[in-house]
Structures are given as structure tokens and as C-alpha cells.
Amino acid sequence: MMGEALTWQEWMTWAGAMLAALTLLYLLRPRRRRIEVPFGGLWQQVLAQAEARQLGRRWRRLLSWLLMVTLAALMLGALGEGHLGLRGCSEPAEIVARHTVVIVDTSASMQTRDGLPVPGSLDRQSRLDEAKARVRELIQGARPGERLLLLTASGRLRTRTGWTDDRRKLNEAVSAVRASDGGLDLQRALDAATDALVGRSHPRTVVVTDGGPPLQPLRGGSAASAGIAVTYLVVGPLRLKETRGVPPVDNLAVERVSVRANPGDPGRGLLMVRVRNDRDTPVVARVDIAAASDARSVADFQRDASVRAVKTLRVPAGGGAWLRVSDVDLSVGRFAARVRPPVDATWRDRASWDDWGFTVLAERRQLDVLLVTPGNLFLEAALLANERYRLRKLSPEAYDPAALARDAEKGAATRPVHVVVLDQTDKPAPAGVASLRMAVKPPEGSAPETLRDAGDLVVRDHGHPVMRGVTFHDVNLDKVRLLPTQAGDKVLAGERGGGAVLVAREDEVRRLEMGLDLMETDMGARYALPVFMGNAVDWLAGEDAGLLSALVLGEPWAVQAPVRSTTWRWLAPGAEAVPARVAGDQLVGASEVQGVHVWETAEGQQVARPTRLPDTERPALLSPPAARWSPPPVTAQVTRERPPLPVWSWLLLVALGLLTVEWALYHRRRTV
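Take the sequence shown: its position 454, counting from 1, is numbered 437 in this note's numbering, and each next residue is one higher.
As C-alpha cells, this is what we get:
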């Protein structure tokens, strides 16, 4: 009654009890009191008139009984509205939804606490709390017989309930909903809702979201082709239709974290943190730097032993800034950064879920390097300075490029070297093997290049990995060989205003050509030589990235496995190890948990990757709603639905009217 439908047994019990009570009251005929009077003749005329009106009184009693039965029937109809199949009276019957799919957005931005204040606390409700309240209102206002299906959508789609009209079960499922750190794949959710509604009577879909990614790509989707109405209930800053811009949010976020080893000292490196300020005023933020060799989750990096430094950074209003921490100890390979408001701040961060960022030092292989040289000790020392290089040295007379090419054709498993360094030899580089040639004489069979007295040598491409941290300022040269270039070549260094001296080529393998003799320069005594040789060998072997790309939460992942193994296990942040999914030489996975994900073998081989939040999941949506919210396929409304006046209210109004009429008649009978 009035929101909770009675069962058939309860309704029949009420109906039987009410009709029995009315009939019993009707059968109990009123008895006249016997009163003795001094003279009965005075009443004979009155009694005669009463006997004449006896038939009329019987009819009035019958009408009164019928009126009471009518009132009882109206109240019983209000109680049994669901079982009698009565519909609302304020909308046409053909648009009454009997099957509704409710999609709740559980992406990362739904954790933002910019809603109503929490009673007894300085905190505020999250957007997900507001969404849950809207869903509970929807469940409470469901019409008798309407069945609902509850879905939650982020990067993954989860079915929370089957088709049911059980309000208790639906409310329990709503209470169990939690937000994730992933993005929102709304198209997938709408497609799933359409599949669930096909063939069902009066279908509709209700999406409860704070906006998420733009909806323009959803035009003409499966919901439109199936004729299914889609209603959007908006929470958060976009809840008001008249909003033209989203107000700033009290929020600091870590957008990106990266770490890179120093070219000349692989044990030390540079850590960079990008911080964003969503407030409308500048903030001097605190940034905690944590590092640990085995940490995976936020809780792991929060250990006292993991925190290495606390820095401050001024971030402009509505913008971002970079924090650079130099000379970082790289003995541990996993790093995290956390941003917080200043100690004396009078405001709270409303989106604490984006306060953390993670990075992992790139895995570096042991590289086999073959040095072909007549005896350049400077070049040999520059290669031996890097502990990752296993160096083998040959004289130009013992060097056989054809034998190395044959070994390279057998595959990576039997390849004797990764990189060949040719110093002052005219023999060609082996086919299929990356090589660095340093010579003033051209190789056999090639066109002679121009040999000339050297001028100033300058860097032409500072952004290339080979030239990272390298400068030729004040380097003294004797003779240089100017190199011919062709399409696709990248000139890395050359004479000032002259020809190319250092050229990078990428064909079947990577190659570097440098037209000088180190013995005719003072470069061997400078810091630039070991830096240059480390950059060159890493680039030739494909180890030049130095920065690992973070995995986007909520999207499918495929990570290259360094070795083939059937024992790969996957360790998600804060979770136990489970067997990993392997497709060929790719490690496959997906997650919506922020942190460092690790794949490992029983032999101890590990692959670690940091995660980052989706670009679309920002608590402050800076574009106006008109640009982000296009008309959905069928219907769209961002205001609350006004449910039709239920039938039981009309029945009770009619019953009240009849009681008023009966009271008026009764009052007239007493006063006439």
C-alpha cells in the first residue's frame, strides 16, 4: 500500500474481513427503547406517520449499506492495485516501462567528493553516493510489476542483479556498488543493455553518470536502432541543465611520473613528476617521493621505509607544473609520488584517488658488444664503463662479417652479438646486425666521401636518443669524413654550416655512421665519449627508450615477454599471485587497481609496469556541458522524472468524496 504491494493472500484477508464487518453491522438492526408515558393517545398520530415511512427507511438502510460497500471496494482497490492490473492515470499506457536496465557509472571520477556535506563531518558526499541515492529513488518509484536489471560500468561491465522487482534485493545490490580507478566505456554498457532488453515489453535504459567521455560517438547506436528509450540522470557538477561551465574543484592530482638513468652513471637518475591543480587559486603543493624494490600498491609505498623525500612545488591555478628530482638512487626500481595540500591549507582534496602516480625503471638487458679496433683503448674503456655490456674485442684482420651474418640468420637465440662497433676498418658491417662505424675511410665498395680538415662539430638533432646528454663543444678534431645522406637518414651531428659527420639509419637493423677517428681527437679524454657510446649502443640494440609507458587502467594490456615461459604469474597491487594469461610472446591482462602490476616466472624473471588513470577521468570537466552532452539516440533528460499520480491516490480521493456526501446527508437528516 502506497509503495509496497500486498500479496494476494493479504489482499483477500483484508477484503473478507472488511465485507464481513460491514454485513454484520447491517444485520444488527437498531432496537427502540420502551418508554412509558402518561397518555398514549398523544403518540398514536406520530406512530401512524412512522409506519407510513417504514418502507422509505428500509430503502435508506439498504443504500447506506451499498455506500459502505462501495467505500470498502475503493479502499480494497487501492490496496490491491498491483494485482488488479491498474495503470497510472497521468500518462498513456503504451509508454509505461515494464523492463528497465539501470546503468550506474563507477569510473574513477565518481569518487570525487563534491556533493552534499556529510552530517557531522567536514567531508562531502561523493558523486557515487549521489548516484546511489538517485537509483534508490528510481527503485522506490518503480511501478507494480516493473522489473529492473542493475549494471555497473567503468572499463569493465558488471551485472549486479538479474531481472527482478524485489526492492530489497535491488537496494542491497546498490549498497554494494564501489567506484574503480578505471575509465568509462559507456558504449559497451549501452550495447549490453540493448541486448538485455531486446524482445521485452516497454523497454528503457537509465544511465546514472557524472558525464564521463563525450557522448557524440554514441549517436546511431544499437539502442537507437532497437527503439529503446535512454534516460540520463546526471550527478555532480553537470546535474543542472543551466550550467554553462563547471566550477573548479578543490583537487591536486599527479598526472605523470617518470624516471631515467643518467647516461654516464646508470646507478643514478632523474625523477620527474607532473602535478595538476584544479583549484582557481595557485597552490604550493607537497610532493612525497617513495621508492621500494618490491612495492606494488599504495599501502606498500606508504611504509615509512619507502618514503625518501618530501618536496614542495608551486602549481598555478587550473594548470600544471613539473617537479624534477635529480641524483635519485636507482638501486630500487619502483617509485611513487603523492601530492598533498600544504600543511596550513583550509580546504580538503575532493578527489584523493588521483593523488598518487607510479613509475618503474625500464628493464635493461645484458648486451653482447663486439669491438673491432686496431687498439683504441679510449673506446674500449668507454664500453667497459657500462656494466650491462659484455665486451668482446677483435682485430680488423680477425673480423669476418660474413660469419656474423650467418649466425644472425639463425635467430635471436643463437645471435653472438647485439651490436658491432667498427673502428677504423674498411670491412662492411655484418648483415642483420646493428652496427656503429667510426672511420675516416669509407667501407669497401662504397663511394668515396669527402675527407677534409675539421671545423667546429655541432649537434643537429638534440632530441635523438643517441645525442641525449652529449655535446661536442670545445672538442678538437683533425680530419673528418663528410657522409652522403639519403631519404630516411637522420643527421645527428655535422660541421657548423657544413655537411653531415654523424648519421643514423634504420633499415632492417639500426646503423650509425660517424666519419672521424677518435685517435685524432681529444674526445677520448672527455666525459662525452662514455655517454655517447652508451647512448649509441642502447639505441642500436633497441634499449634506448629509458622510459616505460604506463598502462591505462580499465583498458586491455599486452606486454612483451622477455622470455618464453609457461610459468608466468600475475601479481596485481594488493592481491595474491594468479596464473597469467599469455598469448604468443605477449603477457595479457587488464585491471582497475592503481599501482604497479608485475608478471614473474618461477625462475625469477620479472616484468613490472606502472599504471595511470584514463585521460577522460578528471574530476573537473572544463568543457561546457553543451559540448560534451549531445542528444542521445532516442530521448534524453537531465532532470528528475515526475512519476504519475498512482491509482490508489485517485481511489482514496473518490472514497473521501463519498464520505463527505454521506456526512452531509447525515447532517441534513439530523437537522431537518
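Here a beta-carbon is modelled for each residue, glycine too, at the ideal position from N, C-alpha and C.
- Around Glu478, the same chain offers Ala437, Gly438, Asp439, Leu440, Val441, Val463, Leu465, Val484 as residues with beta carbons nearer than 8 angstroms, after the five sequence neighbours per side are excluded.
- Each residue's CA atom was taken as its position, placing Asn459 and Pro597 some 50 angstroms apart.
- In the three-state DSSP reduction, Lys294 falls in the strand class (E or B).
- By the criterion of a C-beta distance shorter than 7 angstroms, Gly252 is surrounded in its chain by Val242, Arg243, Ala244, Asn245, Val311, Leu313, once the five residues flanking it on both sides are discounted.
- Between Val352 and Ala300, the alpha-carbon positions lie close to 51 angstroms from each other.
- For Val101, the three-state secondary structure derived from DSSP is coil.
- Contact check for Trp339 against Arg321 passes: the beta carbons are separated by less than 9 angstroms.
- For Gln170, the enclosing alpha helix (DSSP H) covers residues 169 to 180.
- Taking every protein chain shown into account, the CB of Trp553 has 16 or more other CB atoms within 10 angstroms, so this residue is buried.
- When the beta-carbon positions are compared, Val232 and Ala91 stay at least 9 angstroms from each other.
- Fewer than three Cβ pairs drawn from the segment 341 to 349 and the segment 323 to 332 lie within less than 8 angstroms of each other, which leaves the two stretches out of contact.
- Sequence-distant partners of Leu387 (beyond 5 residues in either direction) whose C-beta falls short of 8 angstroms from its own C-beta, in its chain, are Leu353, Pro399, Val400, Val403, Pro413, Val416.
- With a 10 Å radius around the Cβ and a threshold of 16 neighbouring Cβ atoms, Asp521 comes out buried.
- With the rule of 3 Cβ pairs closer than 8 angstroms, the segment 509 to 523 counts as touching the segment 351 to 371.
- Under the three-pair Cβ rule at 8 angstroms, the segment 140 to 156 counts as touching the segment 110 to 125.
- Here Val546 is exposed, its C-beta having fewer than 16 other C-beta atoms within 10 Å.
- In the three-state reduction of the DSSP assignment, Ser92 falls in the helix class, which pools H, G and I.
- Its chain contains Ala300 as the residues whose beta carbon lies nearer than 7 angstroms to that of Thr264, once the 5 sequence neighbours on both sides are disregarded; these appear in chain order.
- For Phe318, the secondary structure class from DSSP, reduced to helix, strand or coil, is strand.
- Annotated as distal: Gly525 and Val281, with beta-carbon spacing of 9 angstroms or more.
- Considering only Val449, Ala368, Pro127, Asn154, the residue with the shortest C-alpha distance to Arg488 is Val449.
- Between the alpha carbons of Val157 and Val118 lies a gap of roughly 8 angstroms.
- Lys410 places its beta carbon less than 9 angstroms from that of Tyr382.
- If you keep only unbroken beta strand (DSSP E) runs of at least 3 residues inside the segment 433 to 485, you get 433 to 436, 440 to 442, 462 to 465, 473 to 478.
- Annotated as proximal: Val258 and Glu238, with beta-carbon spacing under 9 angstroms.
- About 13 angstroms separates the beta carbon of Ala292 from that of Phe284, a gap too long to meet the 8 angstroms contact definition.
- DSSP, read as helix, strand or coil, puts Trp336 in helix.
- If you check the CB distance, Thr188 and Val84 come in under 9 angstroms.
- If you draw a straight line from the Cα of Val453 to the Cα of Pro220, it comes to about 50 angstroms.
- Residue burial is scored here from C-beta neighbours: Gly98 has at least 16 other C-beta atoms within 10 angstroms and is therefore classed as buried.
- With respect to the 9 angstroms criterion, Val217 and Thr177 are not classified as neighbours on the basis of their beta carbons.
- In the DSSP assignment, Ala56 forms no beta bridge with any residue.
- In its chain, beyond the 5 residues on either side, Arg269 have a beta carbon closer than 6 angstroms to the beta carbon of Arg323.
- For Ala519, the enclosing alpha helix (DSSP H) begins and ends at 511 to 523.
- By the CB criterion at 9 angstroms, Thr594 and Ala533 fall inside the cutoff.
- The secondary-structure analysis by DSSP pairs Ala563 with nothing; it has no beta-bridge partner.
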